[in-house]
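Be aware that the sequence shown starts at 68, since it is given in our numbering, and climbs by one per residue. Cβ coordinates follow ideal geometry from the N, Cα and C atoms, glycine included. As structure tokens, the structure follows; a few thoughts come after it.
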Amino acid sequence: MQNSQFGIIGLGTMGRNLLLNIADHNFSCAGYDKNADQVNLLNQEKENRPVQAFNSLEQFISALQQPRSIVLLVPAGKIVDDVIAELEPLLSRGDIIVDAGNSYFKDTELRAKKLSEKGFHFFGTGVSGGEEGARKGPSMMPGGDKKAYEILKEVFEAIAAKVDDEPCVTYIGPGGAGHYVKMVHNGIEYALMQLIAETYEAMKKGLHLNNAEIATVYKKWNEGRLQSFLLEITADIFQYKNPGTDDFLVDQIKDQARSKGTGKWTSEESMELEVPAPIIDMAVSMRNLSKYKWLREGVAARYPGEVKSPVINDKTVFLASLESALYFATIITYAQGMHLLYKASKDYGYDLNAAGIAKIWRGGCIIRSAFLENIYTTFKKNASLEHLLLDDQVQSIIQKLIEPMRDVVCDLTRAGIAAPALGSALNYFDSLRTKNMPSSLIQAQRDYFGAHTYELEGKEGVFHTKWTGA
Ligand code: 6PG
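And the structure:
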């Protein structure tokens with residue numbers, strides 16, 4: 068068998084699963100990996116699907132139909148450049164390379180530029196959904212040359228997750244746009260995970276619920292307006308016991324969160340473009356803080372201040388408020404992410420379609436949730452909306468959540484239970500609805516100590532004052 072329609076380089080878990088997904092949709096596929104074990108694994112898994120597995124790059128390349136479409140599923144960073152360098156001499160003009168890893172969008176911009184000068188197309192493509200998504204249908208965010216996307220479209224639409232029969236993939240924009248949108252997806256992912264973790268802390272330390280009870284709460288929440296993939300897996304986690312024992316695995320896992328960096332990039336980008344996304348910042352900071360176990364133990368010993376008990380008088384009322392608080396903060400998180408996309412769309416000339424992005428995030432990806440349907444309809448109605456909080460429907464939802472949100476943040480603060488992302492969501496909201504911020508004082512201070520000047524309400528120009536009168 069020769070002439071495969073599609074090629075995959077990197078036959079690790081993600082690569083093999085994506086390849087089998089493509090083959091299941093009757094596209095012939097060739098896979099290549101340097102590591103012979105991965106090639107053998109694919110040979111065992113392929114059964115009678117139209118799949119060829121290679122350990123030689125040259126053989127792999129000559130088994131592909133032209134123009135070639137080759138998807139890289141290799142770790143982000145230098146390896147992507149190394150693989151491209153190996154590939155280049157074997158390719159022909161018009162061939163397409165798709166980088167489906169979590170590459171940094173600025174690297175993607177550079178690679179796309181260099182490769183297009185040589186006559187190749189490069190697609191930085193965000194792929195979300197983990198192992199299961201790759202196998203059964205991910206959400207895909209391809210960015211690159213719009214015309215060349217027509218060649219990929221059929222396969223991508225076939226293998227992507229579907230919501231209401233519509234594929235969770237759409238052309239995102241030029242250059243690094245696909246990886247940019249995936250980066251913001253991950254920033255949102257970090258924030259939502261941190262928010263859920265804070266509700267866990269509240270239930271565990273504030274209400275003294277056990278794991279089974281916590282699982283029941285998450286399951287119930289997941290049946291309502293908060294329905295999401297992350298809540299669904301969270302409920303599962305609180306039910307999982309080590310096989311043959313009564314021990315919950317979650318209780319044995321170290322409380323030190325790791326990360327590969329996409330959340331940090333989102334925060335850095337929000338600073339770069341001056342679009343505040345403090346819940347994402349906080350989520351990144353809390354992962355970092357979690358790593359300082361020794362420091363936390365030292366400080367905990369000095370400031371024990373056990374959680375005041377009973378913190379919360381009415382469990383049922385508190386749980387209802389906590390659900391509202393999580394919903395409130397979830398909405399604000401998406402709003403911050405979409406706001407960043409709004410600015411990036413203009414600053415980088417990506418011309419992003421906010422409705423299209425919300426639409427493909429409704430299925431397959433890690434941040435899929437019921438609320439994405441609202442975001443989709445909101446931007447479909449008004450494509451140029453700057454911020455979700457300016458939408459009537461979102462406004463009416465948020466208004467009902469403000470009071471319980473405040474109750475939760477107050478209760479947890481009084482109890483000494485940390486809820487930094489929940490608190491950040493509320494403070495962002497309160498700042499955003501402030502017509503006159505205290506930033507006038509900051510301007511005065513800057514002018515006082517550094518003669519940085521200030522502007523005045525209702526008067527043109529910049530001014531400086533000798534504040535001591537001297
Ligand atoms: C996805 C995820 C995935 C990401 C992991 C781990 O959309 O499928 O975002 O791409 O790699 O979630 O990310 P961290 O290691 O940074 O937590």
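Straight-line Cα distance separating F172 from F190: 11 angstroms
beta-carbon N169 near the ligand 6PG non-hydrogen atom, thresh 7 angstroms: yes
F190 - DSSP class collapsed to helix/strand/coil: strand
Delimiting residues of the beta strand (DSSP E) encompassing A97: 96–99
CA-to-CA distance, A486 to K272, given in whole angstroms: 12 angstroms
Those residues which DSSP pairs with E522 across a bridge: V529
Residue from I164, E153, Q403 with nearest C-alpha to G74: I164
7 angstroms CB neighbourhood of G240 in its chain, flanking five on each side removed: G210, Y417, D418, L419
Nearest-angstrom Cβ-Cβ length linking I76 and L139, presumed shorter than 8 angstroms: 5 angstroms
Coil, strand or helix - M208 by DSSP: strand
Which of helix, strand or coil DSSP assigns to Q133: coil
Where the alpha helix (DSSP H) containing G197 begins and where it ends: 197–203
Same chain only: Cβ atoms within 8 angstroms of N70, ignoring 5 sequence neighbours per side: S95, A130, L131, Q132
Nearest-angstrom Cα separation, counted from T329 out to L362: 25 angstroms
CA-to-CA distance, L523 to R202, given in whole angstroms: 59 angstroms
Cβ pair Q119, G79 closer than 8 angstroms: no
As assigned by DSSP and simplified to three states, the class of F305: coil
Inter-residue spacing [alpha-carbon to alpha-carbon] between V475 and K327: 31 angstroms
Helix, strand or coil at I239 according to DSSP, with G and I counted as helix: coil
Host alpha helix (DSSP H) of D313 (start-end): Counting along the chain, D313 falls outside any alpha helix (DSSP H), and DSSP gives it neither H nor E.
Terminal residues of the alpha helix (DSSP H) in which I218 lies: 213–226
Contact check, F438 vs A422, beta carbons under 8 angstroms: no
Among T175, V222, K181, A396, nearest to G245 - alpha-carbon criterion: T175
Assigned secondary structure, L78 (DSSP; H/G/I helix, E/B strand, else coil): coil
Backbone secondary structure at Q105 - three-state DSSP: helix
Length of the line joining the Cα atoms of E112 and L87: 8 angstroms
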